[in-house]
Structure formats: C-alpha cells, structure tokens
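In the UniProt record's numbering, the protein residues as written are 1 to 93.
We put the beta carbon where it would ideally sit given N, CA and C, even for glycine.
Since this is a predicted model, take the numbers as computed values, not measurements.
Some notes on the structure that comes next.
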C-alpha cells in the first residue's frame, strides 16, 4: 500500500494562499509560515501531517500527495476546508 508523509498550510482565502506560496518560494521556511498562518491544528507542528495511506485524506490531497513532486510546494489546492499549500516530504509505493 502506498504511503506518504506531507505537511500543509491551510487558509481560508486563495489570494492569501498564493501570497504565502510566494514567500516560501522566496526563501521563507515552510514550517515557520505554517506556524504563523495555518488555521489547521497541525500548524503548531509546522504543518506536519505525519505518514498516511492513500484514501486517508480528502481526494484533493491524495491527487497531489500521491502524484506530485517531492519537496515541492504545491497549491493552492482547494478542499471543503479552505485552500492548502502542500509539500510531500516522502512517498513509498
């Protein structure tokens, strides 16, 4: 079974999500941005979601986490919770 580890930042607004992505791409630390801005409880851990299998997260997450490039900031990804930036930190097929 495929497994992955990822971290994310959740915000309510697409424009804010895009601005945070630019900050990270400009050199800001992903975990620091997550602690400062993410509305998800995982933000306190720098957005770390730990390891999970396919189907354990919402479909929009699965699509990115199990097919996107590793160690790249993906997003904005819209779910019913808001807008996410995702970074896949590891994946095992």
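Around the Cβ of residue i, are there at least 16 other Cβ atoms within 10 angstroms (buried) or fewer (exposed)?
i          : result
residue 7  : buried
residue 33 : buried
residue 55 : exposed
residue 1  : exposed
residue 58 : exposed
Please report the Cβ distance between residue i and residue j, rounded to the nearest whole angstrom; I am assuming they are in contact, meaning their Cβ atoms lie under 8 Å.
i          : j         : result
residue 60 : residue 5 : So it is not a contact: roughly 18 Å between Cβ atoms.
Who are the Cβ neighbours of residue i in its own chain at under 6 Å, not counting the five residues just before and after it?
i          : result
residue 31 : 46
residue 91 : 4
Roughly how many whole angstroms lie between the Cα atoms of residue i and residue j?
i          : j          : result
residue 87 : residue 26 : 15 Å
Tell me which residues share the same chain as residue i and place their Cβ nearer than 8 Å to its Cβ, disregarding the 5 neighbours each side in the sequence.
i          : result
residue 76 : 14, 17, 18, 21, 83, 84 and 85
Return the chain-ordered list of same chain residues with a C-beta closer than 7 Å to the C-beta of residue i, the five sequence neighbours on each side being excluded.
i          : result
residue 37 : 9, 11 and 20
(request) Please list the segments of the beta strand (DSSP E) lying wholly inside the UniProt domain "PpiC" (1-90), counting only runs of 3 or more residues, in order along the chain. (result) 3-11, 48-53 and 73-79
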